[in-house]
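Q: Here the protein sequences line up with chains A and B, keeping their order.
Residues in the first sequence are numbered from 673 upward in steps of one, following the working numbering.
Residues in the second sequence are numbered from 259 upward in steps of one, following the working numbering.
Supplied in structure tokens, the structure appears directly below.
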Amino acid sequence: MSFTSFSFILFLIVVFSIYFCVPQKIKSFVLLLASLFFYYCWAKWAPLFMVLFALFVYLSARLMIKQHKQKQFVFMISCIAIIMAGFFLLKYTRLPDQFLNALVSPVGISASIVFPLGFSYYMFKSLSYLIDVYFERIEPEKRYDYLLLHLCLFSEIVAGPITRAIEFLPQIRQEKQFSPDNFRNGFLLILWGYFKKLVIADRLALAITPIFTDMSVSNGLSWLIVAFAYLIQLYLDFSAYTDISVGICEILGYKVKHNFKAPFFQQTISEYWRAWHMSLSSWLSDYVFAPLQFAWRAYGIYASVFAAIITLVLSGLWHKVSVAAFLWGLFMGSVVAAEALFAKKRKKLKKELPPVVFTVLGISLTMLINTILIIFIRAGSAHDAWVIICKYVFYPTTWSLAFGLGGKFLLLLAVGMAITLFSHGIELDREKYFQKYAYLPFIVRCGVCYAAIFVIMLLQVQGSDIVKGFLYAQF
Amino acid sequence: MTRQEIFKNLNLIFQDVFDDETIHVKESTTAADIEDWDSLTYVTLIITIEKHFHIKFDMKEVSGFANVGEMADAIERKI
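As structure tokens, this is what we get:
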């Protein structure tokens, strides 16, 4: 049941209706059942896996605090190692599949284990929960069902946001009542998300995917434009998913942090990573970068340099275990490291240059680095990525009409950029846009909603295998 | 060392690390109040404070400071 399917819309209507009719005491239970049902629709065995996984995390936290202080660290590391080993075995090997088949084949049954949908995301949730319990930032959760709900909430299970237990668990205990303001804000976010995904991002996917499949573009400048278009597609696709996810939580009465804050307006790569996929980048910053940086602090600024490189290499490998993803992380980490090393020189330059020139230069350079490096994530292999990078350098342009991409492609990219700019404007001050909408006359508000639904239904991309699901669900 | 003296020293450290003589830290100062305070400069700040006061923080303390006041509390306990 994909977020973009009609059955999901029906599912949402049923869940919202039941959720707001039942007493407060069982609201979390309704959400839990809905979440497990959503997971069941993906695979019949998935809810059982989730229940057992959450039980492991629940018991680990409770047993950890009962250990002697000196043993707690070893206990926490062991639990983290078990979870990560499970993740790697399921994602990158066939061992669990072979093990299960060896168990059930004697009785004439064949079985198959695939990587559980969203495991990457709830693994992060569980790790931060265990670390936060160890550092006494939160008490271990007493209610197993609350922890299970935190890990498997249907609006977050596919691709985040990676909400922290410290933010989510206290909200389960708060009174939840239907709020027209929450409904309006959530509904607008959901509509905006569907528009970005179904009308723009999927259309960009249809134009971009064949280019990467047959590697048909010959010159470097065209590849740069295609890479930039992919960056726009990735942003629109993932921010759309996040808007739908956060919108659902908003209606349910849960405040969840957004994943984006105008990433393409940032002036350095370090700032970009604080504004793109914020729930993951803040997770990596808090639980990987900061501990490494702190442990190596005797090495001064080089502690930040090496911690940044290792963190971004891990981020690359989380996207995909491949040479290309490793290179992406290495280059990204090197840029962040260079920014740390030359921070004072940059500050000096900022004082010398006019503010507009400094800002435009910063944004342009950040976008250029991103556009060049995103090829390592999108290209089929490190070899393909390297071929494209070589074209950037050795065949910059043939100056053919529209660089061989066609006017339709460029027009679509221009529309994508316009929507991205507008979306960034909203991200900088969501509340202002919600208020503006709220103060419109009732008839205009209805008109906006009906028009949006009509445009989405009329212009959505349909009937193509290329546009199945959200891009970040694959990670 | 009195709390006032700790803050006087912290002020000089902050001005040096963030290369900004206009900074004047208070009990309630947080990362949001100082333009260049990010995760990269934070560790430089911690190292400078440790060297200046001849103390050592642990990870739990460093990740738990909500503001400069709490940082000063930890320094006060250790010197």
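Even glycine gets a Cβ: it sits at the ideal position worked out from N, Cα and C.
(1) Tell me the rounded alpha-carbon separation between residue 929 of chain A and residue 920 of chain A.
(2) With respect to the alpha helix (DSSP H) encompassing residue 994 of chain A, which residues constitute its N-terminal and C-terminal limits?
(3) Could you check what DSSP says for residue 259 of chain B in three-state terms: helix, strand or coil?
(4) For residue 710 of chain A, does the count of other Cβ atoms within 10 angstroms reach 16, so buried, or fall short, so exposed?
(5) Applying a beta-carbon distance threshold of less than 7 Å, which residues of chain A neighbour residue 320 of chain B?
(6) Can you find a CB in chain B that lies within less than 7 Å of the CB of residue 976 of chain A?
(7) Quick one: what does DSSP say residue 1020 of chain A is sitting in, helix, strand or coil?
(8) Here's a check: name, in chain order, each residue in its chain whose Cβ is nearer than 8 Å to the Cβ of residue 951 of chain A, leaving out the five neighbours to either side.
(9) Is it the case that the Cβ atoms of residue 989 of chain A and residue 997 of chain A are separated by a distance below 7 Å?
(10) Would residue 1073 of chain A be called buried (16 or more neighbouring beta carbons within 10 Å of its own) or exposed?
(11) Quick check on this structure: which residue in A:692, A:1086, A:682 has the alpha carbon closest to the alpha carbon of residue 849 of chain A?
(12) May I ask which residues mark the beginning and end of the alpha helix (DSSP H) holding residue 822 of chain A?
(13) For residue 949 of chain A, is the classification buried or exposed, using 16 other Cβ atoms within 10 angstroms of its Cβ as the cut-off for buried?
(14) Is the shortest distance between the beta-carbon of residue 317 of chain B and the beta-carbons of chain A less than 7 Å?
(15) In terms of residues, what are the limits of the alpha helix (DSSP H) holding residue 318 of chain B?
(16) Going along the segment 940-963 of chain A in order, which residues come within less than 7 Å of chain B, judged by CB to CB distance?
(17) Whose Cβ in chain B lies nearer than 7 Å to the Cβ of residue 749 of chain A?
(18) Can you tell me which of A:844, A:744, A:873 puts its alpha carbon nearest to the alpha carbon of residue 1131 of chain A?
(19) Tell me, please, whether the CB atom of residue 1030 of chain A is closer than 7 Å to any CB atom in chain B?
(20) Three or more beta-carbon pairs under 8 Å between the segment 912-926 of chain A and the segment 1056-1067 of chain A, yes or no?
(21) If we count Cβ pairs, one from each stretch, closer than 8 Å, do we get three or more for the segment 726-734 of chain A versus the segment 798-817 of chain A?
(22) Closest to residue 796 of chain A by C-alpha separation, out of A:725, A:1126, A:942, would be which residue?
(23) Using 8 Å for Cβ pairs, my map puts residue 326 of chain B next to residue 283 of chain B. What's the rounded Cβ distance?
(24) Please list, in chain order, all residues of the same chain as residue 863 of chain A whose beta carbon is under 6 Å from its beta carbon, the five residues on each side excluded.
(25) Quick one: list the residues of chain B neighbouring residue 1005 of chain A, beta-carbon separation under 7 Å, in chain order.
(26) Counting only beta-carbon atoms, is residue 326 of chain B nearer than 7 Å to chain A?
(27) Less than 7 Å between CB atoms is the rule here; does residue 286 of chain B satisfy it with respect to chain A?
(28) Distance cutoff 7 Å, beta carbons only. Does residue 305 of chain B sit that close to anything in chain A?
(29) Between A:926, A:939, A:705, A:1065, which has its C-alpha nearest residue 623 of chain A's C-alpha?
(30) Shortest alpha-carbon distance to residue 801 of chain A belongs to which of A:1015, A:789, A:820?
(31) So, using beta-carbon positions, are residue 1030 of chain A and residue 1023 of chain A closer together than 7 Å?
(32) If I'm right that residue 1162 of chain A touches residue 1084 of chain A with Cβ under 8 Å, what's the distance once you round it to whole angstroms?
(33) Quick check on residue 325 of chain B: does DSSP put it in helix, strand or coil?
(34) Is the Cβ of residue 268 of chain B closer than 7 Å to any Cβ of chain A?
(35) By how many angstroms is the C-alpha of residue 967 of chain A removed from the C-alpha of residue 980 of chain A?
(36) If you reduce the DSSP assignment to three classes, tell me which class residue 1074 of chain A lands in.
A: Looking at the coordinates:
(1) 12 Å
(2) Counting along the chain, residue 994 of chain A falls outside any alpha helix (DSSP H), and DSSP gives it neither H nor E.
(3) In the three-state scheme derived from DSSP, where H, G and I count as helix and E and B as strand, residue 259 of chain B is classed as coil.
(4) buried
(5) 966
(6) yes
(7) helix
(8) 832, 833, 834, 835, 929, 931
(9) yes
(10) Confidence at residue 1073 of chain A is low in this model, with a pLDDT of 46, below 50, so its placement is unreliable and no value can be given for it.
(11) A:692
(12) 816-824
(13) buried
(14) yes
(15) 317-322
(16) 942, 957, 961, 962, 963
(17) Result: empty, since nearest Cβ-Cβ is about 14 Å, beyond 7 Å.
(18) A:873
(19) no
(20) no
(21) When Cβ pairs closer than 8 Å are counted between the two stretches, the segment 726-734 of chain A is seen to touch the segment 798-817 of chain A, the count reaching three or more.
(22) A:725
(23) At roughly 5 Å, the Cβ-Cβ gap stays under 8 Å, so residue 326 of chain B and residue 283 of chain B are in contact.
(24) 1124
(25) Chain B residues near residue 1005 of chain A: none, gap ~12 Å exceeds 7 Å.
(26) no
(27) no
(28) yes
(29) Since the displayed chain A opens at 673 and closes at 1147, residue 623 of chain A lies outside it and no answer follows.
(30) A:820
(31) no
(32) Any property of residue 1162 of chain A remains undetermined from this structure, which presents chain A solely from 673 to 1147.
(33) coil
(34) no
(35) 13 Å
(36) Here residue 1074 of chain A scores only 48 on pLDDT, less than 50, and its place in the model should not be relied on; the value that follows carries that caveat. Three-state DSSP puts residue 1074 of chain A in a helix.
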